[in-house]
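Residue numbers (the UniProt record's numbering): 1 to 607. Below is one structure, written out as structure tokens; the observations come after it.
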Amino acid sequence: MKEFATPPAVEVPAELNITDLLERQVAADPKNILFGRQLSPGQWTDVSAAEFRDQVVQLAKGIIGSGIEVGDRVAIMAPTRYEWTLLDFAIFYAGAVTVPVYETSSPSQVAWIIEDASVKLLIAETPGHQKIVERAVAQENLTGLGDVYTIEGSGLDQLRAKGADVTEEQVAARRGIAVGADLATIIYTSGTTGRPKGCELTHANFTELSLQALGSSLGTVVNKDASTVMFIPLAHVFARFISVLAVAGGSRVGHTSDIKELVDDLGTFEPTFLLAVPRVFEKIYNAAMLKAEGDGKGAIFEKAANTAIAWSRAKQDGKVPFTLGLKHAVFDKLVYSKLRARMGGQVAHAVSGGSPLGERLGHFFYGVGVQILEGYGLTETTAPLTVNTPELSKIGTVGAPLPGCAVKIAEDGEILGRGVCVFRGYHNRPELNEEIFTSDGWFHTGDVGTLDSDGCLTITGRKKEILVTAAGKNVSPAQLEDLMRADAIISQAVVVGDNRPFVAALITLDEETLPQWLQRKGMDPKTPISELAQHETILTHVQTVVDRANESVSRAESIRDFRLLHTDFTIESGHLTPSMKIKRPLVMKDFAAEVEALYTEAAAKKA
């Protein structure tokens, strides 16, 4: 199949804007709990729809009182927390446009966004972030930015005080100005290449996509009885869309930015669904496996995991053999229930996006009682273009287009998208807008994939990341990299081989899981990474991981050699985007010597 479109599930008024989603909640049930605000570890305070709206209006008054006009840009530079969403809605109520800034951004990155988006007001989390903004302004001699407030301390009180003379009627008038086609936000792509591009997303991108999603079977996941803990960056389009979707559906949302506290937060909040990038699910699996092995129950866990995967595959095929069903029921009591308890005990669904999950991991989680609804999209498609739903879920695919959206496979295999989710274009980049849309309105995603008879999409690679070896063999690195990253002690893997005689890989070790793994092997858990990268036990283990990954491809595409690096690829190092995607060009630049050594050493051995 080359093209598939899902018809709209509901009719959405053209004048609807994001603030209307909150107003609908207040009108329908003002006491419905929309948020759980964490004031101290494990202590959540409920915030009703009416209370949230009142808090939004107070901040919107301050934004208006600060001189912000309709359509002006207001930036938020903070990690995921309750105030992020509060400010986001306040900006919309003030008739302004939100510009997210990652709290990890450097002064030069902050300066670029402030200048390119013409930001007039900025709210940062801490005085430390405020200083970064001040450095950015000084370095680039920026003149357009006005006040900078902080969330921590008295900053938001100062902002509210600015609105002392602004009336409720003025806020109501402001919030009603925008219609669906108007600009809601400019989200700068974290980008694996080049300078971030500002994606212009409209109110309709969020409102219509949210209501279409809720009109599908996803409405059984996100509703008034549902809840989630938001922990991925709200500056990223994935979390941002789910944040708006949750308000539209009336779900209860908690926030945490400290991943180390996530398990405890899940335990006290007890969410019914989660959203995460695949790396989080990999870590949940690996942590459970290492704990079982540390307790001397590694063999039991392995059998339980294999049973979960086999049960899931049989379930997807339509028939679970009696013996397999019996084994699954036994392991559900012994193993799976404990894993679900670690996630709060109530999680039935999880939404995964950002990068490929991997079929094995999808089957494992479904087998233990958590259905992962893997989706696909970009910042340019307001996050989900396609997604698996409770009604139509095919593990190994990223699902069918959401209602009101369509997917087309071009002659060269590129995925094209169209529909309510697609953005209106790049900010200040008219030349790019001409390139990314076809003459009949399809958006070039840059990814490569296939469609099955049900319209479910399978991603096979990134168009620009296809490697071509010296022998002319096309290699898609994503599949190999995903399989290697699934191992407990491997953090990241980058497949190389463009214009080279064979395929190889740069691999980094996971410093979080290594100590426990080393202890089980009778090795010093404090051994430096530089030593481990050359240790025979580690090298042998990684070789088995590489061999397993190679089983999924032809010999010409297989990894012939690898190098363990002494450092990891992280968001802080600049080698990962905030959604955990590898910035391949930067890795190839910074580790050019290591790549070169792989091939020169191989050539020397051959000689």
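Heads up, the beta-carbon is just placed ideally off N, CA and C, and yes, glycines get one too.
Indicate the three-state DSSP secondary structure (helix, strand or coil) for residue i in the structure shown.
i: T192; result: Confidence at T192 is low in this model, with a pLDDT of 49, below 50, so the placement of that residue should be treated as unreliable; the coordinate-derived value is given next. Looking at T192 - three-state DSSP - the assignment turns out to be coil, as it is neither helix nor strand.
i: P401; result: strand
i: E557; result: helix
i: Y336; result: helix
i: G146; result: coil
i: L39; result: strand
i: A226; result: coil
i: V545; result: helix
i: R500; result: coil
i: E572; result: coil
i: A9; result: coil
i: K605; result: helix
i: E594; result: helix
i: K327; result: helix
i: R563; result: strand
i: M588; result: helix
i: T85; result: helix
i: E200; result: strand
i: L514; result: helix
i: V387; result: strand
i: F322; result: helix
i: T268; result: helix
Kindly examine the ligand GTP and report whether one of its heavy atoms sits closer than 7 Å to the Cβ of residue i.
i: I64; result: You won't find the ligand GTP in this model; it holds no ligand whatsoever.
Let's see if you can read the secondary structure: which residues bound the alpha helix (DSSP H) around residue i?
i: K283; result: 278–294
i: V137; result: 127–140
i: G375; result: Where G375 is concerned, there is no enclosing alpha helix (DSSP H), although the beta strand (DSSP E) it sits in stretches over 371–376.
i: F4; result: Premise fails: F4 lies in the beta strand (DSSP E), 3–6, not in any alpha helix (DSSP H).
i: T256; result: That residue, T256, is in no alpha helix (DSSP H); it is neither H nor E in DSSP.
i: G176; result: G176 -> no alpha helix (DSSP H), and no H or E assigned at all.
i: H363; result: 359–367
i: A28; result: 18–28
i: P578; result: No alpha helix (DSSP H) holds P578; DSSP gives it neither H nor E.
i: M484; result: 477–485
i: I529; result: 529–532
Of the choices the options, whose alpha-carbon is the least far from that of residue i?
i: E168; options: R340, E152, N388, I64; result: I64
i: G198; options: I507, K521, D116; result: D116
i: R53; options: I123, V99, A172; result: A172
i: P271; options: S257, R279, Q346; result: Q346
i: residue 618; options: Q55, I114, V148, G180; result: Outside the displayed range of the chain (1 to 607) lies residue 618, so it cannot be described from this structure.
i: V368; options: E302, H575, D264, H541; result: E302
i: F241; options: L339, V222, T256; result: V222
i: E200; options: T98, L122, K120, Q139; result: T98
i: R174; options: A90, T469, P525; result: A90
i: E594; options: H535, A505, T544; result: A505
i: A488; options: F206, R160, A49, K283; result: K283
i: S352; options: G71, V387, G446, V74; result: V387
i: S210; options: L159, V56, L357, L385; result: L385
i: T104; options: P278, T126, G461; result: T126
i: Q55; options: V74, R160, N32; result: R160
i: V277; options: I33, S118, M580, T323; result: M580
i: A471; options: E557, P79, F92, Q316; result: E557
i: V119; options: Y93, G146, N141; result: G146
Tell me the residue span of the beta strand (DSSP E) that contains residue i.
i: P107; result: Where P107 is concerned, there is no enclosing beta strand (DSSP E), although the alpha helix (DSSP H) it sits in stretches over 107–117.
i: Q492; result: 490–496
i: I151; result: Premise fails: I151 is in no beta strand (DSSP E) and is neither H nor E.
i: H349; result: 349–352
i: P100; result: 97–101
i: L416; result: 414–419
i: V74; result: 73–77
Check the C-beta distance from residue i over to residue j and give it rounded, since I have them as a contact under 8 Å.
i: A124; j: M77; result: 4 Å
i: G404; j: E208; result: 6 Å
i: A5; j: P401; result: 6 Å
i: T256; j: Q43; result: Not a contact, Cβ separation roughly 13 Å.
i: D440; j: V468; result: The pair is not a contact, with the Cβ atoms about 30 Å apart (cut-off 8 Å).
i: F443; j: L416; result: 6 Å
i: residue 620; j: S491; result: Nothing can be reported for residue 620: it is not among the residues displayed for the chain, which extend from 1 to 607.
i: L233; j: P30; result: According to the sequence displayed, residue 233 carries Pro and not Leu. So it is not a contact: roughly 30 Å between Cβ atoms.
i: D265; j: V320; result: About 34 Å separates the two Cβ atoms, so there is no contact after all.
Task: Secondary structure, beta strand (DSSP E): runs of 3+ residues fully inside the region 427–473 - done: Whole beta strand (DSSP E) segments, 3+ residues: 443–451, 457–462.
TODO: Report the residue ranges of all beta strand (DSSP E) runs contained in full by the region 203–254; include only those spanning at least 3 residues, in chain order.
DONE: Qualifying beta strand (DSSP E) stretches, in chain order: 227–230.
Open item on the list: My parser needs the beta strand (DSSP E) runs of 3 or more residues fully inside the region 46–76; what are they?
Closed with: Counting whole runs of 3 or more residues, the region 46–76 contains no beta strand (DSSP E) stretch at all.
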